[in-house]
Structure formats: C-alpha cells, structure tokens
Amino acid sequence: MFNTVFKKMTIVYFIVILVTFMILGFSLIKVFENYYFESRTQALIDEGQKLNSTIIDYLNNKVSYERLYITLQSIERFLNSKTWVIDKKGIIYGVSSESEEKWIGKQVSTNDVIEVFEGNIVTNRGEYDEVFGGPVLTVGIPIFINGKVQNAVFMHSPIYEINEALNEVSELTITTLAISLIIASLLIYYTTQRITKPLTEITKITKQIASGEFHKRLDIKSSDEIGELCLSFNNMAREIEKIEQTRKGFIADASHELRSPLTLIKGYVKGLMDTELSESKRKKYINIIYEETDRLSELISNLLDLSRMESGKYYLELETFNINELLRRSIIKFTNNLEEKNINVDVNFSKDPLMVLGEKDSISQVVYNIIDNAIKFMNASDTRKLIIGTIVEDEKAIVYIKDTGAGIPQEEISNIWTRFYKGDKSRSRQIKGTGLGLSIVKEIIKAHNQNIWVESQVGDGTKFTFTLELS
Ligand SMILES: Nc1ncnc2c1ncn2[C@@H]1O[C@H](COP(=O)(O)OP(=O)(O)OP(=O)(O)O)[C@@H](O)[C@H]1O
Ligand SMILES: [Mg+2]
Numbered sequence: 002m003f004n005t006v007f008k009k010m011t012i013v014y015f016i017v018i019l020v021t022f023m024i025l026g027f028s029l030i031k032v033f034e035n036y037y038f039e040s041r042t043q044a045l046i047d048e049g050q051k052l053n054s055t056i057i058d059y060l061n062n063k064v065s066y067e068r069l070y071i072t073l074q075s076i077e078r079f080l081n082s083k084t085w086v087i088d089k090k091g092i093i094y095g096v097s098s099e100s101e102e103k104w105i106g107k108q109v110s111t112n113d114v115i116e117v118f119e120g121n122i123v124t125n126r127g128e129y130d131e132v133f134g135g136p137v138l139t140v141g142i143p144i145f146i147n148g149k150v151q152n153a154v155f156m157h158s159p160i161y162e163i164n165e166a167l168n169e170v171s172e173l174t175i176t177t178l179a180i181s182l183i184i185a186s187l188l189i190y191y192t193t194q195r196i197t198k199p200l201t202e203i204t205k206i207t208k209q210i211a212s213g214e215f216h217k218r219l220d221i222k223s224s225d226e227i228g229e230l231c232l233s234f235n236n237m238a239r240e241i242e243k244i245e246q247t248r249k250g251f252i253a254d255a256s257h258e259l260r261s262p263l264t265l266i267k268g269y270v271k272g273l274m275d276t277e278l279s280e281s282k283r284k285k286y287i288n289i290i291y292e293e294t295d296r297l298s299e300l301i302s303n304l305l306d307l308s309r310m311e312s313g314k315y316y317l318e319l320e321t322f323n324i325n326e327l328l329r330r331s332i333i334k335f336t337n338n339l340e341e342k343n344i345n346v347d348v349n350f351s352k353d354p355l356m357v358l359g360e361k362d363s364i365s366q367v368v369y370n371i372i373d374n375a376i377k378f379m380n381a382s383d384t385r386k387l388i389i390g391t392i393v394e395d396e397k398a399i400v401y402i403k404d405t406g407a408g409i410p411q412e413e414i415s416n417i418w419t420r421f422y423k424g425d426k427s428r429s430r431q432i433k434g435t436g437l438g439l440s441i442v443k444e445i446i447k448a449h450n451q452n453i454w455v456e457s458q459v460g461d462g463t464k465f466t467f468t469l470e471l472s
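Take any residue in the sequence shown, count from 1 to its spot, add 1: that is its number in the working numbering.
Here it is in structure tokens:
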C-alpha cells in the first residue's frame with residue numbers, strides 16, 4: 002500500500018509545502034513586526050514632540066511639576082509607555098507614574114542619551130530589558146530650547162503585545178501547515194492509488210501474457226494518460242494475439258503444404274520398389290516424384306523469402322533501372338507458356354525508357370509472380386490476352402498487368418494476399434501453386450513503401466497495378 006511512488010511523492014510534496022510555509026510565515030512575521038514597530042514608534046515620537054512646549058513651560062516655571070506629571074501620566078495611559086524627562090546631565094527629573102518615581106535623580110548615560118543630546122531621535126528595541134523586566138521599545142526625543150538641545154524625553158513601551166501577536170501568527174502558520182500536510186497526504190494517497198493500482202494490474206497482465214495467456218486484457222477505464230496507456234496496452238495485446246494466431250496458422254499451413262508432396266513422393270517411391278513395374282509406369286512415377294520435389298523446393302524457397310522479408314532485417318539494395326526493359330525480359334521468360342496457352346501480349350509504355358528506383362531482383366520477382374498467375378489462371382475458354390504497361394502519374398511510375406482470365410470472385414479478393422491462400426479449393430487442386438506468390442509480392446512492395454492493388458471481375462479478367470518510385 003505504502004509503495005515507493007507514494008513515499009517519493011510524499012517527500013517531494015512535504016518539502017515543497019514546508020519550504021513554502023517557512024518562507025511565507027517568516028515574511029508574514031517580518032512584515033507584521035515592521036508595521037507594528039513603525040506605527041508604534043511614530044505614535045511615540047508624535048506624543049514625545051508634543052511634550053516640548055510643556056517642558057519649556059515647566060523649566061520657565063510657567064507650569065508646576067504636577068501639571069507636567071499629569072501630562073506624562075496621560076501619555077503613559079494612552080500609549081502604555083513609561084516616560085522619563087532627563088536634563089542635560091542625564092539626570093531623570095520627570096516620570097509618568099508613581100512606580101517610576103524611584104528613578105528620579107538617577108543619572109542615565111547610555112549611548113542613546115548621548116545621541117539624543119546631539120539632536121537626534123533615537124529608537125531602540127530591548128535595550129532596557131533589565132529596567133523594565135521585559136523587552137521594550139524605547140524612543141528618545143531631544144527637547145529644544147532656543148534651538149539647542151537642553152532636555153530629553155525617553156519613552157519605553159513594552160513590546161510583549163507584539164510578541165503575543167507574532168506568536169499567534171506562528172501558531173496559525175503551524176496549524177495551517179499541519180492541515181495542509183494532512184490534506185496533501187490524503188490527496189497524494191488518492192492520486193498514487195490511481196497511478197499504482199493500474200500499474201500493478203498492468204504488471205500482472207504483462208506477466209500472464211508473457212506466460213502465453215494471449216487473450217488477457219486490462220479492464221481499466223480512465224480518461225487520463227493511464228487510460229491511454231491501458232488502451233495502447235490492450236491494442237498491443239490484441240496485436241500479439243493476432244501475431245500468435247498467424248504464427249500458429251502459418252506453422253499448421255506450412256506443415257500441411259509440406260506433407261502433401263511428401264506423402265505423394267513416399268507413395269510413388271513405394272510403387273517404384275515393386276520389381277514387376279512396367280517401364281512406362283516407372284517413368285511416370287519418376288516424373289511425378291520429380292515434379293513433387295520441384296514443388297517442395299519452390300515451397301521452401303518461397304517460405305525462406307517470406308521469412309527473410311518479415312524478419313525486419315530485409316534491406317533493399319536500391320538501384321536505378323528501366324522498368325519497361327524489366328517487363329520485356331519477364332515476358333520473354335514466359336515465351337513457352339504464352340505460346341502453349343496461345344496468349345497474345347499487348348505492351349503499352351507511355352514513356353520509354355522509364356527509369357525507376359528499386360531493388361531490381363525483387364521487382365522482377367513481383368512481375369514474374371503476377372504474370373505467372375495471369376497465365377496460370379487463364380482457361381482455354383478465355384479470350385487469352387495479356388496487357389502489360391506503364392504510365393507516369395502523380396510523380397510515380399505505375400505498372401499494370403491485366404489478364405482476360407476467369408477473374409477473382411469479389412469475396413475472395415481480400416484473401417489473395419494471405420499466405421497459402423489458393424482461391425477456390427476445387428479450382429486450386431488442378432492448378433499448381435503454393436499460395437505464397439502474392440504474399441511475397443505484397444511484402445516486396447511494402448518494403449519499397451509503395452502500393453499494390455487489384456481490380457477483378459469474374460469472367461472479365463484481373464488487373465494488378467503497383468507503383469514505383471521514379472528515378
Ligand atoms: N490473375 C489471376 N486470376 C485469377 N485468380 C488469381 C490471379 N492471381 C491470383 N489469383 C488467385 O489468388 C490466389 C493466390 O495467388 P498466389 O500467387 O498468392 O498463389 P498461387 O499462384 O496459387 O501460388 P504460387 O504463386 O505460390 O505458385 C490464387 O490461388 C488465385 O486463386
Ligand atoms: Mg502465384
């Protein structure tokens with residue numbers, strides 16, 4: 002449950018939250034403190050300066066000490082600040098409350114006092130701790146008489162209030178921090194669960210698929226990246242299952258295809274062992290055996306071709322050649338078969354020579370297989386004609402090979418590219434073939450990044466067309 006993803010995310014989130022809160026809390030306290038001290042200092046300075054005239058009046062005997070004392074007392078009440086009035090020698094002669102009277106007559110000679118007598122306003126924090134039994138904010142103000150500093154007023158305001166306020170800020174920060182951490186933990190837990198649960202499921206299903214259970218699928222529905230991953234995973238699993246089925250089917254088909262000629266060969270070899278066999282029969286048997294071994298070796302070489310192309314290690318050795326020339330040569334190769342079946346050949350080249358880029362030998366195989374089919378599947382009853390041509394269209398060379406044979410039934414067309422597919426079973430029995438020709442053709446064209454397609458009409462004939470890159 003508390004897996005590593007959760008731990009990692011928790012650590013990261015906690016660090017982020019802690020740092021944020023520390024920065025925020027610290028800044029808040031500083032801002033608050035500054036604001037407090039500034040406004041407090043200003044209030045003290047304002048009041049202290051108001052004392053100037055009262056003190057002058059007192060020194061000129063215009064008002065009594067009582068009067069000065071009452072003024073100082075009201076300031077203490079109003080601002081909660083103990084106030085001293087000091088003469089030039091630093092001796093305290095005026096205070097703001099009875100409890101302060103013990104200071105009267107005492108001399109103060111701190112640096113503050115010296116600075117105030119130089120004419121400056123002095124503010125200080127915590128300097129008088131021992132005197133007031135706690136931190137104070139002290140403001141010293143010079144009292145000018147006839148433009149000269151004659152006296153000074155010192156006001157001490159306890160700063161425990163600000164400390165209380167700051168403590169509250171800290172407490173609030175810590176409480177919100179704790180709440181944030183709890184909420185973050187819950188959120189992290191919830192999110193990691195959403196991530197790790199599917200991951201665990203994916204791991205489980207992956208292992209099952211790896212052990213051969215190709216039908217296994219993920220059942221996770223989510224609209225985020227996880228959902229997308231699951232969808233891709235299922236697609237991959239489906240593809241693997243399909244490949245596995247194809248592989249099984251391929252092995253079954255291949256063994257079947259290999260077995261039939263072998264069975265035949267075995268039967269005829271057994272027949273040959275008969276010593277009383279007539280010479281003519283012997284010749285016939287040997288002929289059949291020869292043909293079947295031929296078929297076997299063709300089948301095997303086709304299978305090897307296919308597996309080479311599908312292994313992914315099939316690299317084309319591209320060269321520039323005249324496709325028209327290649328077509329002419331291919332037709333020549335079939336001269337015997339064409340004459341045998343009495344087939345006329347029409348050749349139409351819109352541009353001659355037509356240079357293309359491709360692997361010459363494999364393109365030759367493509368052409369060979371298609372012409373071979375065209376001749377093979379033309380019956381005696383057909384108008385036996387073979388039309389071969391090239392055109393240039395959309396910056397591609399287009400090669401077409403059309404026959405006037407029986408045509409391929411609509412429902413069979415999509416199957417002709419499948420390995421071992423040999424069309425109508427009853428027909429294929431009389432016509433030799435492995436059913437691999439067009440699969441090889443398709444693989445070659447695919448490797449060239451080109452297209453091949455077929456148009457066929459039963460009774461009308463079949464037209465194979467493929468594209469090639471112009472050179
Ligand atoms: N020109 C054509 N006319 C009619 N049917 C065709 C034609 N070309 C292909 N077909 C059909 O498509 C099937 C598959 O062709 P493919 O070339 O792959 O196999 P094949 O010719 O039977 O065997 P192989 O080419 O290995 O000798 C054929 O068996 C046939 O039924
Ligand atoms: Mg063929």
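The C-beta atom is built at its ideal place from N, Cα and C for all residues, glycine as well.
**Endpoints, the beta strand (DSSP E) within which Val477 is located** = The requested residue 477 does not occur in the structure, where the chain is confined to residues 2 to 472.
**Asked** Start and end of the beta strand (DSSP E) containing Pro159?
**Response** For Pro159, the enclosing beta strand (DSSP E) has its first and last residue at 149-159.
**Message:** Under 8 Å: does the beta carbon of Ile417 sit that close to some heavy atom of ligand 1?
**Reply:** Yes, the beta carbon of Ile417 sits closer than 8 Å to at least one heavy atom of ligand 1.
**Reduced DSSP secondary structure (H/G/I, E/B, other) of Ser181** = Residue state for Ser181 is assigned as helix, using DSSP reduced to three classes.
**Asked** Quick one: Cα of Val270 to Cα of Tyr286, how far?
**Response** If you take the alpha carbons of Val270 and Tyr286, they lie about 8 Å apart.
**Message:** When you compare the stretch 282-298 with the stretch 321-335, are there three or more beta-carbon pairs, one atom per stretch, that lie closer than 8 Å?
**Reply:** No, the stretch 282-298 is not in contact with the stretch 321-335.
**Item:** Lining residues of ligand 2 - beta-carbon closer than 7 Å to any non-hydrogen atom, in sequence order
**Value:** Those residues that bring their Cβ nearer than 7 Å to a heavy atom of ligand 2 are Asn370, Asp373, Asn374, Lys377, Gly434, Gly438, Leu439.
**Item:** Ala407: CB within 8 Å of a non-hydrogen atom of ligand 1
**Value:** Ala407 Cβ: within cutoff of ligand 1.
**Item:** Per DSSP, the bridge partner or partners of Trp454
**Value:** DSSP, once it has assigned bridges, lists Thr466 as partnering Trp454.
**Item:** Spatially closest choice to Ile184 from Ile364, Leu387, Phe15, Ile445, by CA coordinates
**Value:** When each option's Cα is compared against that of Ile184, the closest is Phe15.
**Asked** Does any heavy atom of ligand 1 sit closer than 8 Å to the C-beta of Thr463?
**Response** Checking every heavy atom of ligand 1 against the Cβ of Thr463, one is found closer than 8 Å.
**Message:** Could you check if Gly460 belongs to the surroundings of ligand 3, using beta carbon to heavy atom distance under 8 Å?
**Reply:** This structure does not include ligand 3; its bound ligands are ligand 1 and ligand 2.
**Item:** Gly460, buried or exposed, once every other Cβ within 10 Å from all chains shown has been counted against 16
**Value:** Exposed: under 16 other Cβ atoms inside 10 Å.
**Asked** Near Pro262, what residues of its chain come up, given a Cβ to Cβ distance below 8 Å and the 5 sequence neighbours on each side ignored?
**Response** Close CB contacts of Pro262 within its chain, under the 8 Å cut and outside five residues either way in sequence, are with Glu293, Thr294, Arg296, Leu297, Leu300 (chain order).
**Cβ-based burial, Phe465 [other Cβ within 10 Å; buried from 16]** = By the neighbour-count definition (other C-beta atoms within 10 Å, threshold 16), Phe465 is a buried residue.
**Request:** Output yes or no for whether 9 Å exceeds the beta carbon distance between Met356 and Ile441.
**Result:** Here Met356 is not near Ile441, since their CB atoms are 9 Å or more apart.
**Prompt:** Can we count Ile206 as close to ligand 1, meaning its CB is less than 8 Å from some heavy atom?
**Reply:** No; taking the cut-off as 8 Å, the Cβ of Ile206 has no heavy atom of ligand 1 nearer than that.
**Message:** Please classify Lys249 as buried or exposed, where buried requires at least 16 neighbouring CB atoms within 10 angstroms.
**Reply:** Counting C-beta atoms within 10 angstroms of its own C-beta, Lys249 has fewer than 16 neighbours from the protein chains shown and is therefore classed as exposed.
**Request:** Count the other C-beta atoms from every protein chain shown that fall within 10 angstroms of the C-beta of Glu77, then say buried if there are 16 or more, exposed otherwise.
**Result:** Around the CB of Glu77, 16 or more other CB atoms lie within 10 Å, so the residue is classed as buried.
**Asked** So does the stretch 22-30 actually touch the stretch 106-118, counting three or more Cβ pairs closer than 8 Å?
**Response** By the Cβ rule, the stretch 22-30 does not count as touching the stretch 106-118, because fewer than three pairs are nearer than 8 Å.
**Request:** Could you check which residue in Leu19, Arg385, Ile12 has the C-alpha nearest to that of Ser181?
**Result:** Distance check between Ser181 and each of Leu19, Arg385, Ile12 places Leu19 closest, using alpha-carbon atoms only.
**Request:** Give every residue of the same chain whose Cβ lies closer than 8 Å to the Cβ of Leu167, excluding the five residues on either side of it in the sequence, and list them in chain order.
**Result:** Correct list, in chain order: Ile30, Phe33, Glu34.
**Secondary structure of Gly434, DSSP reduced to three states** = Gly434 falls in the coil class under three-state DSSP.
**CB contact flag (Leu60, Gln151, <9 Å)** = A Cβ-Cβ contact shorter than 9 Å links Leu60 with Gln151.
**Item:** Cross-strand partners of Ile146 (DSSP beta bridge)
**Value:** For Ile146, the beta-bridge partners assigned by DSSP are Lys149.
**Request:** Can you give me the start and stop residues for the beta strand (DSSP E) that Val393 sits inside?
**Result:** Start and end: 386-394.
**Item:** Ser97 vs Lys83 beta-carbon contact at 9 Å
**Value:** Yes, the pair counts as a contact, with Cβ atoms nearer than the cut-off.
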